[in-house]
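Note sheet for the following structure.
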Ligand SMILES: [Zn+2]
């Protein structure tokens, strides 16, 4: 009897061991799959952002719940890494035409503000920049420019650079070739007469873009500019959190992402409160704040009248 019991116990231990080993292998294979997979069509960050922007930017079908559980946060970390890898790969594939940072050799950084114009927030950002004599780069959404043309003109008149941020904040990696081209061309037609040049710099909404699309833009004289320093201010964060986020990856050549416009219910008062502190912080660390044309040594526009 004792022998049978011992044999059963040994068998049970063996089975448990086999299950553990197989589980481990599955987990490793899962990791490998994540690491070797091509970049996800839409990152978690993007999904969260799409949700945050709500119905004013995307159809409700696009919206997904935000990610909060530990397991989901782990996934988010892995995805963020994959995403960063894919941007670095794109930067290598399209040197000078897909950019996430400028030259690391000198202490210069560029402030970029997306989703403008927005009468709720853009004028306040402009006032702060004027007070501190800082020039920045603003990425304009075509449909918003059509609604508030005077504000686009004001941004340009006050010495800032304008870039193209799509017509209606579509996720480029999810739309057809024709729809993608229309997002660029339509916005260009709205912006050009307002500021006198066709913006050379393109920022894809959520940073999402395919290699084909980068190549299409490159062949037409555009430069795609994402970022290496994300303030994550679209989450309506307070100014302390925004500054912490920026400091995390800030270095010479950094392109800093902030917003001066947003979706319904989005509050950028943290961005506005953080801005004077950010400018002072950068200057105290010896950084010169420049526009994208200055940082990248490329013109702001694709036509002759560009500065
Ligand atoms: Zn945007």
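Numbering (our numbering), first residue to last: 1 to 307.
All residues carry an ideal CB built from backbone N, CA and C; glycine is no exception.
Item, Value
"Using the rule of at least 16 other Cβ atoms within 10 Å of the residue's Cβ for burial, across every protein chain shown, is residue 206 buried or exposed?", "buried"
"Examine ligand 1 and report whether any of its heavy atoms sits within less than 7 Å of the Cβ of residue 205.", "yes"
"Can you have a look at residue 92 and say buried or exposed, based on whether 16 or more other CB atoms are within 10 angstroms of its CB?", "exposed"
"For a test of the three-state rule: what should DSSP assign to residue 88, helix, strand or coil?", "helix"
"Is residue 215 near ligand 1 - that is, is its Cβ less than 7 Å away from at least one heavy atom of it?", "no"
"Exposed or buried, what is residue 244 when buried is set at 16 or more other beta-carbons lying within 10 Å of its beta-carbon?", "exposed"
"Contact between the segment 125 to 145 and the segment 86 to 105: three or more CB pairs below 8 Å?", "no"
"Using only the alpha-carbon positions, how far apart do residue 174 and residue 213 sit?", "11 Å"
"Any chance you could list the beta strand (DSSP E) runs of at least 3 consecutive residues sitting entirely within the segment 220 to 282, in chain order?", "223 to 225, 255 to 259"
"Starting from residue 108 and walking both ways along the beta strand (DSSP E), at which residues does that stretch end?", "108 to 116"
"Within 10 angstroms of the Cβ of residue 286, are there 16 or more other Cβ atoms? Answer buried if so, exposed if not.", "exposed"
"In angstroms with no decimal places, state the Cα-to-Cα distance between residue 268 and residue 230.", "15 Å"
"Where do the ends of the beta strand (DSSP E) carrying residue 137 lie?", "137 to 140"
"Looking at the unbroken beta strand (DSSP E) that takes in residue 290, where does it start and where does it end?", "288 to 290"
"Among the residues of its own chain, which have a CB less than 8 Å from the CB of residue 291, if the five just before and after it don't count?", "110, 135, 136, 137, 160, 161, 300"
"Just verifying my parser: in three-state terms, what is the DSSP assignment at residue 119?", "coil"
"Residues in the same chain with beta-carbon distance under 7 Å from residue 293, minus the five sequence neighbours each way, listed in chain order, please.", "161, 299, 300"
"Taking the C-alpha atoms as reference points, what is the distance between residue 117 and residue 200?", "18 Å"
"Helix or strand or just coil, what does DSSP make of residue 207?", "helix"
"What does the alpha-carbon distance come out to for the pair residue 158 and residue 195?", "11 Å"
"Starting from the C-beta of residue 149, find all residues in its chain whose C-beta is less than 7 Å away, skip the five residues before and the five after it, and write them out in chain order.", "194"
"Could you give the first and the last residue of the continuous alpha helix (DSSP H) run that contains residue 190?", "177 to 195"
"So, helix, strand or coil for residue 171, using DSSP?", "coil"
"For residue 188, verify whether its CB is less than 7 Å away from any heavy atom of ligand 1.", "no"
"CB-CB under 7 Å to residue 239, same chain, minus the five flanking residues each way: which ones, in chain order?", "270, 273, 274, 277"
"How is residue 100 classed by DSSP in three states: helix, strand or coil?", "coil"
"Rounded to a whole number of angstroms, what is the C-alpha to C-alpha distance between residue 181 and residue 112?", "23 Å"
"Nearest by alpha-carbon distance to residue 154: which of 170, 130, 168 is it?", "130"
"Can the beta-carbon of residue 166 be found closer than 8 Å to that of residue 185?", "no"
"Which of the three DSSP states, helix, strand or coil, is assigned to residue 199?", "strand"
"Alpha carbon to alpha carbon, what distance is there between residue 106 and residue 95?", "19 Å"
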